[in-house]
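**Student:** For the record, the sequence lines run as chains B and G. For the first sequence, our numbering begins at 4 and goes up steadily by one. For the second sequence, our numbering begins at 4 and goes up steadily by one. Shown below is the structure under consideration.
2 protein chains.
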Amino acid sequence: MPARVTTLKELAASLGLSITTVSRALAGHQQIALKTRERVAQAARQAGYVPNTAARTLVSGRSGFVGLVLPIRGPNLVDSFLGEFVTGLGEGLVPHGTDLILATAAQDQAEITVLRHVVESGRADGVVVTRIAEVDERLAYLRGRGFPFVAHGRLLDSDFDYNWLDTDGAHAFGEAFDMLYDLGHRHFGLVTISEPMTFRHLRQDGLAAAIARRGDPSVRLDVATAPRFDRGARIQAVNRMLQAPDRPTAIVALFDELALTVMEEAVRAGLNVPRDLSVIGFDNVVASVYAPPGLTTFDASIRQCAREIAEMLLTVIADKTAEPLTRLIRPTLVPRASHGVAPRTRS
Amino acid sequence: MPARVTTLKELAASLGLSITTVSRALAGHQQIALKTRERVAQAARQAGYVPNTAARTLVSGRSGFVGLVLPIRGPNLVDSFLGEFVTGLGEGLVPHGTDLILATAAQDQAEITVLRHVVESGRADGVVVTRIAEVDERLAYLRGRGFPFVAHGRLLDSDFDYNWLDTDGAHAFGEAFDMLYDLGHRHFGLVTISEPMTFRHLRQDGLAAAIARRGDPSVRLDVATAPRFDRGARIQAVNRMLQAPDRPTAIVALFDELALTVMEEAVRAGLNVPRDLSVIGFDNVVASVYAPPGLTTFDASIRQCAREIAEMLLTVIADKTAEPLTRLIRPTLVPRASHGVAPRTRS
DNA sequence: TGCGAAATTTAAAACGTTTGCAATTCCACA
DNA sequence: TGTGGAATTGCAAACGTTTTAAATTTCGCA
Numbered sequence: 004m005p006a007r008v009t010t011l012k013e014l015a016a017s018l019g020l021s022i023t024t025v026s027r028a029l030a031g032h033q034q035i036a037l038k039t040r041e042r043v044a045q046a047a048r049q050a051g052y053v054p055n056t057a058a059r060t061l062v063s064g065r066s067g068f069v070g071l072v073l074p075i076r077g078p079n080l081v082d083s084f085l086g087e088f089v090t091g092l093g094e095g096l097v098p099h100g101t102d103l104i105l106a107t108a109a110q111d112q113a114e115i116t117v118l119r120h121v122v123e124s125g126r127a128d129g130v131v132v133t134r135i136a137e138v139d140e141r142l143a144y145l146r147g148r149g150f151p152f153v154a155h156g157r158l159l160d161s162d163f164d165y166n167w168l169d170t171d172g173a174h175a176f177g178e179a180f181d182m183l184y185d186l187g188h189r190h191f192g193l194v195t196i197s198e199p200m201t202f203r204h205l206r207q208d209g210l211a212a213a214i215a216r217r218g219d220p221s222v223r224l225d226v227a228t229a230p231r232f233d234r235g236a237r238i239q240a241v242n243r244m245l246q247a248p249d250r251p252t253a254i255v256a257l258f259d260e261l262a263l264t265v266m267e268e269a270v271r272a273g274l275n276v277p278r279d280l281s282v283i284g285f286d287n288v289v290a291s292v293y294a295p296p297g298l299t300t301f302d303a304s305i306r307q308c309a310r311e312i313a314e315m316l317l318t319v320i321a322d323k324t325a326e327p328l329t330r331l332i333r334p335t336l337v338p339r340a341s342h343g344v345a346p347r348t349r350s
Numbered sequence: 004m005p006a007r008v009t010t011l012k013e014l015a016a017s018l019g020l021s022i023t024t025v026s027r028a029l030a031g032h033q034q035i036a037l038k039t040r041e042r043v044a045q046a047a048r049q050a051g052y053v054p055n056t057a058a059r060t061l062v063s064g065r066s067g068f069v070g071l072v073l074p075i076r077g078p079n080l081v082d083s084f085l086g087e088f089v090t091g092l093g094e095g096l097v098p099h100g101t102d103l104i105l106a107t108a109a110q111d112q113a114e115i116t117v118l119r120h121v122v123e124s125g126r127a128d129g130v131v132v133t134r135i136a137e138v139d140e141r142l143a144y145l146r147g148r149g150f151p152f153v154a155h156g157r158l159l160d161s162d163f164d165y166n167w168l169d170t171d172g173a174h175a176f177g178e179a180f181d182m183l184y185d186l187g188h189r190h191f192g193l194v195t196i197s198e199p200m201t202f203r204h205l206r207q208d209g210l211a212a213a214i215a216r217r218g219d220p221s222v223r224l225d226v227a228t229a230p231r232f233d234r235g236a237r238i239q240a241v242n243r244m245l246q247a248p249d250r251p252t253a254i255v256a257l258f259d260e261l262a263l264t265v266m267e268e269a270v271r272a273g274l275n276v277p278r279d280l281s282v283i284g285f286d287n288v289v290a291s292v293y294a295p296p297g298l299t300t301f302d303a304s305i306r307q308c309a310r311e312i313a314e315m316l317l318t319v320i321a322d323k324t325a326e327p328l329t330r331l332i333r334p335t336l337v338p339r340a341s342h343g344v345a346p347r348t349r350s
């Protein structure tokens, strides 16, 4: 017997009260007699009453949901990013009784289309936007609508303020450089991607800034670029860097996946990490623990960041006029065994 | 200028038509003149009209959402399961215009409470249930309500039918045994968990069945059990098995995370994998590629399974009276380098 | 005993959509 | 020019809740 859903009307009828009174009693309004409130609460609990979300949303204009548009992903998810991210969001949302909507973009569909749909159908009270692109129409759209959102990541420059939380990749890459420099490295390699995401600039600029700060003209930086999802091209780019007659002694990769490729190809080329080559990544993916000799990397604590993003978003939803919130999270170095003193200079 | 949301009423007014007609025109009803339908569609597109979800849900009784209650997870997610799973669900749902709701259980809250809330608030038209426990109140509840759901996993026995999709762990473990037996192994170890999840029985039974099928009385099986999230206890249990005077020559782990621990501890104990010890896991997590010498394991293609689960659920939602759907997916062996011929018998 | 203010409760409208049924328009044909 | 039936459109109720404004009850005090 599929139990029917209890409605406010039924509850009111069974109590001999009006719908209004029951609604207010459950909302805890002071104007309802204490005795009545208790009686109603008791009956509601017993009947297992749960308010209908649609009806509540319709009248209040609040859905109690926060949206996340799933980035269209390649066939190979290599990390636990998404899992950690939604887990963190969930943790941040649950104390406020808010749930998460995951909207997926179809193969041939732009993310912005899905975003618009989520926003304009009233499914969500706010959204989280990840993977910020150099020119990001999503932020412009949300901004134009005045719709609450928090970005995970930043634009390089913008003529408007918005709420964001970002990992301080610039600082991390500076830290990586300083550490490697102090270990004697002077010739550096950076492996990066060709996709127009802002974080690649932020990190590369952080590296460049640290180099400039040091003011040592003997420091040299090579850059290798490959498309994010083209494994073949990536391997090629890495090998071009490794096979060069004068190759770097230390390679910093934009993120661990690239760093792992560097380590694999280095081994294949007969190099020993870290004796011949230091490698540093970013993200602290699980594989970085297991890939010999253990990848030195940075941990950005995605789950914790996501939780904070959720909290920021709830704040913004509650008060749309508030000053823009921004948080820059400094990742922590996870030193493992893939970096070491620079090899003696050849020649 | 935060653009307002267009409503049906406004659209109707601007067209000089009634709300009814516009609604029907957009729904493509034949009874509306073709010319009108086109005119309305055009105007709707131009105005960027998106129907309000709450209103539609309220009257139709369909929310256009499918729910997933996030399992409460320990501090350390080690795999990409959740990410792959929600990605797969999204892929299966998006062609039908359905989205996914992720509800998180608070720390002190039972999963069933959240599930009840999702179901009874009308937020979702159906739910996906994962990680089936030996005695699973969620299935009983959903069954009792007649609420559409698909289980990822199975009960060991049940007095009712339901929709499920499961990975054929029994078959995989049988396959692992056969392969190892043919390589000369006679003394086996199974590392499993103490949590009352059904899959541990299914897999262990599959192993036992394969042993029985072989009918070789010299085959021996040791079992080590530890709590899922207690790393210390797990290491202890593994070591007890490895340190035993007469240790197994082949260890099958309930899943990769355990297998990785076995490999780590084996190395620490001075054993060579696979020369002294064969290890086989299950799940094909990313780390299994990188953990030396490369873990032989089974791939259950979570993403594909999740997609199918989504499709099954949509079928069930569309026709609640349909026969129960069940799918048993055979995982594929991913042979890497952690297994090999049995070492010569000592003594 | 009656008055007025305070305390408590209720009727009714509103949110934006879908849908059963009724009303209107159109057109072919007599 | 009128008629009937088909084609097209519109009215109004309904979904379950919140909320404004108004009605009713209660109670202290003269």
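Heads up, the beta-carbon is just placed ideally off N, CA and C, and yes, glycines get one too.
#1: Compare the Cα-Cα distances from residue 329 of chain G to each of G:132, G:59 and G:168 and report the closest residue.
#2: Got a sec: is the Cβ-Cβ distance from residue 159 of chain B to anything in chain G below 8 Å?
#3: Alpha carbon to alpha carbon, what distance is there between residue 222 of chain G and residue 247 of chain G?
#4: Mind checking residue 4 of chain G: buried by the 16 CB within 10 Å criterion, or exposed?
#5: Locate the alpha helix (DSSP H) running through residue 176 of chain B, then write down its first and last residues.
#6: Can you tell which of G:298, G:192, G:131 and G:10 has its C-alpha closest to the C-alpha of residue 316 of chain G?
#7: Checking contacts by CB at 8 Å: is residue 144 of chain G closer than that to chain B?
#8: Following the continuous beta strand (DSSP E) through residue 253 of chain B, name the residue where it begins and the one where it ends.
#9: Are the CB atoms of residue 29 of chain B and residue 8 of chain B within a distance shorter than 8 Å?
#10: On the DSSP letters alone, give me the boundaries of the alpha helix (DSSP H) that residue 228 of chain G sits inside.
#11: For the stretch 217-233 of chain G and the stretch 274-288 of chain G, state whether three or more C-beta atom pairs, one from each stretch, are separated by less than 8 Å.
#12: Please list the terminal residues of the continuous alpha helix (DSSP H) segment that includes residue 345 of chain G.
#13: Expressed to the nearest angstrom, what Euclidean distance is found between the alpha-carbon atoms of residue 19 of chain G and residue 322 of chain B?
#14: Beta carbon of residue 212 of chain B, beta carbon of residue 301 of chain B: below 8 Å?
#15: Runs of 3 residues minimum, wholly inside the stretch 272-309 of chain G: which ones carry the beta strand (DSSP E) assignment?
#16: Who are the near neighbours of residue 116 of chain B in its chain, counting only those whose CB is closer than 8 Å to its CB and skipping five residues on each side?
#17: Where does residue 33 of chain B land, buried or exposed, given buried means 16+ other C-beta within 10 angstroms?
#18: Is it true that the stretch 181-199 of chain B meets the stretch 249-261 of chain B, where meeting means three or more beta-carbon pairs spaced less than 8 Å apart?
#19: Span of the alpha helix (DSSP H) holding residue 134 of chain G?
#20: Leaving out five residues before and five after residue 350 of chain B in sequence, what residues of the same chain have Cβ atoms less than 8 Å from its Cβ?
#21: Leaving out five residues on either side along the sequence, give the residues of the same chain with a beta carbon under 6 Å from the beta carbon of residue 344 of chain G.
#22: If the cut is a Cβ gap below 8 Å, which residues of chain G does residue 126 of chain B touch?
#23: Three-state secondary structure (DSSP) at residue 192 of chain B?
#24: Between residue 53 of chain G and residue 52 of chain B, what straight-line distance do the alpha-carbon atoms span, to the nearest angstrom?
#25: Would the stretch 308-315 of chain B and the stretch 85-101 of chain B be scored as touching if the rule is three or more Cβ pairs under 8 Å?
#26: Strictly below 8 Å CB to CB, what residues from chain B border residue 73 of chain G?
#27: Using only CA atoms, which one of B:70, B:215 and B:124 lies nearest to residue 153 of chain B?
#28: In the DSSP assignment, what residue or residues form a beta bridge with residue 155 of chain B?
#29: Could you have a look at residue 125 of chain G and say whether DSSP puts it in helix, strand or coil?
#30: Take residue 180 of chain G as the anchor and find which of G:265, G:207 and G:166 has the nearest alpha-carbon.
#31: How would you write the range of the beta strand (DSSP E) that residue 335 of chain B sits in, first residue to last?
#32: For chain G, check one thing: does any of its Cβ atoms lie closer than 8 Å to the Cβ of residue 13 of chain B?
#33: Using a beta-carbon distance below 8 Å, is residue 83 of chain G in contact with chain B?
#34: Quick one: grab the DSSP three-state call for residue 93 of chain G.
#35: Rounded to whole angstroms, what's the CA-CA distance from residue 113 of chain B to residue 105 of chain G? Just pull it up for me.
#36: By DSSP, does residue 7 of chain G sit in helix, in strand, or in coil?
**Tutor:** In brief:
#1: Here residue 329 of chain G refers to the residue found at position 326 when the second sequence is read from its first residue. Restricting attention to G:132, G:59 and G:168, the CA atom closest to the CA of residue 329 of chain G is found in G:168.
#2: Within the first sequence, residue 159 of chain B is the residue found at index 156, counting from 1. So no, residue 159 of chain B is outside the interface.
#3: As a position in the second sequence, residue 247 of chain G is number 244, starting the count at 1. As a position in the second sequence, residue 222 of chain G is number 219, starting the count at 1. Computed Cα separation, rounded: 17 Å.
#4: Indexing the second sequence from 1 puts residue 4 of chain G at position 1. For residue 4 of chain G, the pLDDT reaches just 42, beneath the cut-off of 50, and the residue's location in the model is therefore unreliable, leaving the point undetermined.
#5: Locating residue 176 of chain B in the first sequence gives position 173, where the first residue counts as 1. In the DSSP assignment, residue 176 of chain B falls within the alpha helix (DSSP H) that extends over 172-185.
#6: Here the question's residue 316 of chain G lines up with position 313 in the second sequence. Per the Cα distances, G:131.
#7: Here residue 144 of chain G corresponds to residue number 141 of the second sequence, with the count starting at 1. Answer no: the Cβ-Cβ gap between residue 144 of chain G and chain B never drops below 8 Å.
#8: On the first sequence, position 250 is the one that residue 253 of chain B refers to. Start and end: 253-256.
#9: As a position in the first sequence, residue 8 of chain B is number 5, starting the count at 1. As a position in the first sequence, residue 29 of chain B is number 26, starting the count at 1. No, they are not a contact pair.
#10: Taking the second sequence and counting its residues from 1, one reaches residue 228 of chain G at position 225. Per DSSP, residue 228 of chain G belongs to no alpha helix (DSSP H); it is in the beta strand (DSSP E), 223-229.
#11: At 8 Å Cβ cutoff, the stretches do not touch.
#12: For this step, residue 345 of chain G is matched to residue 342 along the second sequence. No alpha helix (DSSP H) contains residue 345 of chain G, which DSSP labels as neither H nor E.
#13: Indexing the second sequence from 1 puts residue 19 of chain G at position 16. Indexing the first sequence from 1 puts residue 322 of chain B at position 319. Roughly 38 Å separates the two Cα atoms.
#14: Translated into positions along the first sequence, residue 212 of chain B becomes position 209. Translated into positions along the first sequence, residue 301 of chain B becomes position 298. Result no, Cβ atoms of residue 212 of chain B and residue 301 of chain B do not sit closer than 8 Å.
#15: 281-283 and 300-302
#16: Taking the first residue of the first sequence as 1, we reach residue 116 of chain B at position 113. Taken in chain order, the residues that qualify are 108.
#17: Residue mapping note: residue 33 of chain B aligns to position 30 of the first sequence, counting from 1. Exposed.
#18: yes
#19: For the purposes of this step, residue 134 of chain G is taken as residue 131 along the second sequence, with counting starting at 1. Per DSSP, residue 134 of chain G belongs to no alpha helix (DSSP H) and is neither H nor E.
#20: As a first step, residue 350 of chain B is located in the first sequence; it is residue number 347 there, counting from the start. Only weak support exists for where residue 350 of chain B lies, its pLDDT of 40 falling under 50; the coordinates are left without a value.
#21: The residue labelled residue 344 of chain G in the question sits at position 341 within the second sequence. Taken in chain order, the residues that qualify are 186 and 187.
#22: For the purposes of this step, residue 126 of chain B is identified with residue 123 of the first sequence, where counting begins at 1. Going along chain G in sequence order, the residues near residue 126 of chain B (Cβ under 8 Å) are 56 and 102.
#23: In the first sequence, counting from the first residue as 1, residue 192 of chain B sits at position 189. The answer is strand: DSSP assigns residue 192 of chain B an E or B state.
#24: To locate residue 53 of chain G, count along the second sequence from 1; it is residue 50. To locate residue 52 of chain B, count along the first sequence from 1; it is residue 49. So the alpha carbons of these two residues sit roughly 31 Å apart.
#25: yes
#26: Taking the first residue of the second sequence as position 1, residue 73 of chain G is located at position 70. Taking the beta carbon of residue 73 of chain G as reference, the chain B residues within 8 Å of it are 89, 90 and 93, listed in sequence order.
#27: Within the first sequence, residue 153 of chain B is the residue found at index 150, counting from 1. Looking at the Cα atoms, B:70 is the closest of the given residues.
#28: The residue labelled residue 155 of chain B in the question sits at position 152 within the first sequence. Answer is B:168, bridged to residue 155 of chain B.
#29: Against the second sequence, residue 125 of chain G aligns to sequence position 122. Of the three classes helix, strand and coil, the one that applies to residue 125 of chain G here is coil, per DSSP.
#30: As a first step, residue 180 of chain G must be located in the second sequence, where it is residue number 177. Of the listed residues, the one whose Cα sits closest to residue 180 of chain G is G:207.
#31: Along the first sequence, read from residue 1 onward, the residue named residue 335 of chain B stands at position 332. 335-337 is the span of the beta strand (DSSP E), which, as asked, contains residue 335 of chain B.
#32: Counting from 1 along the first sequence, the entry for residue 13 of chain B is found at position 10. With 8 Å as the cut-off, residue 13 of chain B does not count as an interface residue toward chain G.
#33: Stepping through the second sequence from its first residue, residue 83 of chain G is reached at position 80. Yes, contact with chain B.
#34: For the purposes of this step, residue 93 of chain G is identified with residue 90 of the second sequence, where counting begins at 1. Residue 93 of chain G falls in the helix class under three-state DSSP.
#35: By one-based count along the first sequence, residue 113 of chain B stands at place 110. By one-based count along the second sequence, residue 105 of chain G stands at place 102. Linking residue 113 of chain B to residue 105 of chain G through their CA atoms gives a straight-line distance of about 22 Å.
#36: Here residue 7 of chain G corresponds to residue number 4 of the second sequence, with the count starting at 1. Annotated three-state conformation of residue 7 of chain G is coil, per DSSP.
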